[in-house]
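One structure is given below, encoded as structure tokens.
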Amino acid sequence: MKIVGITACTAGIAHTYIVAEKIQNAAVEAGHQCKIETQGTIGAQNKLTPEEISQADVVIVAHDIAVGGMERFEGKPVVDIPIHVAMKNPKSLIATIEKKLENK
């Protein structure tokens, strides 16, 4: 599975980047490809390309604030969650997404 996503927390510092890393690690550990864009205090980093988005099977948006560029994901399954959900158990998040996509 190919996963893309965005993380953004209220402070735009630690949790934005920690959660991006946790999601990526959990996805790779489960055998998936993953790229997460961070929208922190220094702006968007690791920006998703239109090609990466078009090839993605699912989009994860883990945030506590509004994120920019959501229109890019039109027509894609989007998992929109508070950032603490991905922070606490990223492996469970990936497993849940796998099950939901299998049942489609």
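The opening residue of the sequence shown carries number 1 in full-length UniProt numbering; numbering runs sequentially from there. The beta carbon of each residue, even a glycine, is placed where N, CA and C say it ideally should be.
Item: CA-to-CA distance, Ile3 to Lys91, given in whole angstroms; Value: 14 Å
Item: Outcome for Lys35 when other beta-carbon atoms lying within 10 angstroms are tallied against a minimum of 16; Value: buried
Item: Pair within 8 Å by beta-carbon distance, residue 118 and Ala62; Value: Since the first and last residues shown for the chain are 1 and 104, residue 118 lies out of range.
Item: DSSP-derived helix/strand/coil call for Thr49; Value: coil
Item: Val79 versus Val59: straight-line alpha-carbon distance, rounded; Value: 6 Å
Item: 7 Å CB neighbourhood of His15 in its chain, flanking five on each side removed; Value: Cys9, Ile83, Met87
Item: Alpha helix (DSSP H) runs contained entirely in the UniProt domain "PTS EIIB type-2" (1–99), provided each spans 4 or more residues; Value: 14–29, 50–55, 83–88
Item: Distance between Phe73 and Asn25 (C-alpha atoms, nearest Å); Value: 22 Å
Item: Nearest residue (CA-CA) to Met1, options Glu71, Ala20, Thr7, Gly31; Value: Gly31
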